[in-house]
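Trainee: Following numbering that gives the first Met the number 0 from start to finish, the sequence shown increments by one per residue and tops out at 354.
Positions of the beta carbon are idealized from the N, C-alpha and C atoms, including for glycine.
Keep in mind it's a predicted model, so treat the numbers as computed, not measured.
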Amino acid sequence: MRVGVNTLFRGRAVGMGRYTDALFALESERLPVESIAPRRSGGPWRKLLFEQLGAPRAARRMGVDLLHYPYFAAPVAATVPVIATIHDLVPLLLPAYRGSPFVRAYTFLQARACARARLILTDSAASMRDILRHLGIPAARVRVVPLGIDDRYHPRDDATVREFRRVAGLPERYIVYAGGLDVRKNVHGLLRGYARARREHDLRVDLAVTGDPDRGGPLFPAIREEVERLGIGAHVCLLGAVDDRTLPVLLAAATLAAYPSMYEGFGLPVLEAMASGVPVICSDRSALPEVAGDVALLFDPTDEGAIAAALARGVEDRQFRERAREEGVARARTFTWERTRRLTGAAYRDALGET
């Protein structure tokens with residue numbers, strides 16, 4: 000069996016890039032996977048042409064048995080069976096992400112093309128429910144294949160975290176948000192809940208936020224302005240972009256990690272924080288409760304009072320914190336890329352009728 004993988008996102012520092020990179024360790028599972036990449040990068044039209052024409056032609060030329068698109072896309076016509084991985088249905092379910100007429104037409108095309116795929120892989124049962132409901136794909140053709148986390152996320156010793164805080168200029172105790180800043184991530188809701196926690200719960204722990212606060216655009220609300228409007232500028236650290244080497248220590252040195260997202264197909268940041276030994280509070284929406292299990296403290300992301308109460312409890316409730324640290328590390332360890340690869344390999348064999 001030879002599997003051609005669309006590697007458009009390989010090597011990129013985004014979730015789809017990490018997922019694509021992980022697939023290539025399938026060679027250790029004795030499943031030869033081969034890269035099918037565009038000859039040169041370009042805009043959306045070039046991407047579409049690669050997905051619909053370039054990759055299928057390359058698959059035919061290479062003689063692969065199966066073609067895998069590791070994101071929400073598939074060719075309308077191909078000479079070999081196709082598997083697509085749909086991580087989430089953001090452009091279908093969230094109006095703010097539907098974009099231009101081109102983006103809407105592209106999403107419609109890919110939804111139709113994915114419906115013709117031999118199998119669909121997805122990261123969570125929550126995403127599977129969305130796929131069944133909105134794409135009309137039979138359940139027998141959808142497989143849940145959870146993602147894994149990298150082993151660089153783990154608890155650190157006291158000396159390491161103290162030195163990190165000193166060098167980074169962070170206080171001894173801080174709450175961390177380490178995720179995207181686009182509108183569905185609900186960072187404005189977190190900021191408002193944090194301000195309320197300071198007023199109503201006497202919370203005296205700073206908040207550290209990763210990502211570019213000045214990116215701008217319709218999908219990226221003004222973070223810096225909201226911090227100033229709420230009067231919490233002295234207590235919020237806007238860290239900017241944080242590299243992959245720094246992030247694990249930033250998490251491990253935190254007092255609490257908070258994830259207020261309105262919609263996630265999986266929620267890797269929740270597991271990364273748990274693996275780092277940090278108590279987690281997160282939204283009760285989409286896949287987050289499934290990923291967090293009964294370890295995280297859940298809250299309604301539309302309720303500022305609930306966010307404030309969760310922040311306060313997450314910092315001050317010693318019993319919750321001790322349990323969350325211990326059980327969080329154990330839970331995170333069950334989400335491995337080895338399992339992802341094993342289940343993906345099984346799906347490949349299933350798609351080809353092999354055992």
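Of the residues 32, 178, 197, 222, which one's Cα is nearest the Cα of residue 213?
Mentor: 222
Trainee: In the DSSP assignment, find the unbroken beta strand (DSSP E) run with residue 136 in it and report its ends.
Mentor: No beta strand (DSSP E) holds residue 136; DSSP gives it neither H nor E.
Trainee: Whole angstroms are fine: how far does the CA of residue 333 sit from the CA of residue 78?
Mentor: Answer to the nearest angstrom: the Cα atoms are 37 Å apart.
Trainee: Taking DSSP as the reference, what is the three-state secondary structure of residue 210?
Mentor: Reduced to three states, the DSSP call for residue 210 is strand.
Trainee: How many whole angstroms separate the CB atoms of residue 83 and residue 116, which I take to be in contact at a CB cut-off of 8 Å?
Mentor: Contact holds; Cβ gap of about 5 Å.
Trainee: Who are residue 280's beta bridge partners in DSSP?
Mentor: For residue 280, which the question treats as bridged, DSSP gives the partners 257, 296.
Trainee: Starting from residue 33, trace the beta strand (DSSP E) in both directions and tell me its first and last residue.
Mentor: 32-35
Trainee: Where do the ends of the beta strand (DSSP E) carrying residue 67 lie?
Mentor: 65-68
Trainee: Examine chain C for any beta-carbon lying closer than 8 Å to the beta-carbon of residue 127, and answer yes or no.
Mentor: The structure shown contains no chain C; it holds only a single protein chain.
Trainee: In angstroms, rounded to a whole number, what distance separates the CA positions of residue 186 and residue 204?
Mentor: 17 Å
Trainee: When the Cα of residue 277 is compared with those of 345, 52, 324, 299, which residue comes out closest?
Mentor: Measuring from the Cα of residue 277, the nearest candidate turns out to be 324.
Trainee: How long is the line joining the alpha carbons of residue 163 and residue 238, rounded to whole angstroms?
Mentor: Each residue's alpha carbon lies about 14 Å from the other.
Trainee: Which runs of the alpha helix (DSSP H) fall wholly inside the segment 113-153 and span at least 4 residues, in chain order?
Mentor: 124-134
Trainee: Using 8 Å as the threshold, is the segment 248-262 in touch with the segment 224-237, meaning 3 or more CB pairs across them?
Mentor: The segment 248-262, when compared against the segment 224-237, does not touch it at the 8 Å Cβ threshold.
Trainee: So within the segment 166-201, which uninterrupted alpha helix (DSSP H) runs reach at least 4 residues, ignoring any that extend past its ends?
Mentor: 186-199
Trainee: Starting from residue 248 and walking both ways along the alpha helix (DSSP H), at which residues does that stretch end?
Mentor: In the DSSP assignment, residue 248 falls within the alpha helix (DSSP H) that extends over 246-251.
Trainee: Bridge partners of residue 237, per DSSP?
Mentor: 208
Trainee: According to DSSP, residue 84 sits in a beta bridge with which residue or residues?
Mentor: 120
Trainee: Got a sec, what are the start and stop residues for the alpha helix (DSSP H) residue 304 sits in?
Mentor: Here the alpha helix (DSSP H) through residue 304 covers 303-315.
Trainee: Less than 8 Å between the CB atoms is what I'm expecting for residue 123 and residue 264, so what's the real figure, rounded?
Mentor: Contact between residue 123 and residue 264 holds: their C-beta atoms lie close to 6 Å from each other, under 8 Å.
Trainee: Could you pull out every residue in the same chain whose Cβ sits closer than 8 Å to the Cβ of residue 179, ignoring the five residues on either side in sequence?
Mentor: 210.
Trainee: Assuming residue 86 and residue 5 make a contact with CB atoms under 8 Å, what is their CB distance in whole Å?
Mentor: So it is not a contact: roughly 14 Å between Cβ atoms.
Trainee: Check whether the Cβ atoms of residue 129 and residue 92 sit closer than 8 Å, and answer yes or no.
Mentor: yes
Trainee: Please classify residue 40: is it buried, with 16 or more other beta-carbons within 10 angstroms of its beta-carbon, or exposed?
Mentor: exposed
Trainee: By a C-beta neighbour count over all protein chains shown, 10 Å radius and 16 as the cutoff for buried, is residue 300 buried or exposed?
Mentor: buried
Trainee: Could you give the DSSP three-state label for residue 328: helix, strand or coil?
Mentor: helix
Trainee: Considering only residues of the same chain and omitting the five flanking positions on each side of residue 50, which have a CB-CB separation below 6 Å?
Mentor: Counting only Cβ-Cβ distances below 6 Å, and skipping sequence neighbours, we find 72.
Trainee: Below 8 Å CB to CB, which residues in the same chain sit around residue 246 once its five sequence neighbours on both sides are set aside?
Mentor: 177, 209, 271
Trainee: I'd like to confirm the pairing. Which residues does DSSP put opposite residue 3 in its beta bridges?
Mentor: Per DSSP, 33, 66.
Trainee: How about residue 80 and residue 112: are their beta carbons less than 8 Å apart?
Mentor: no
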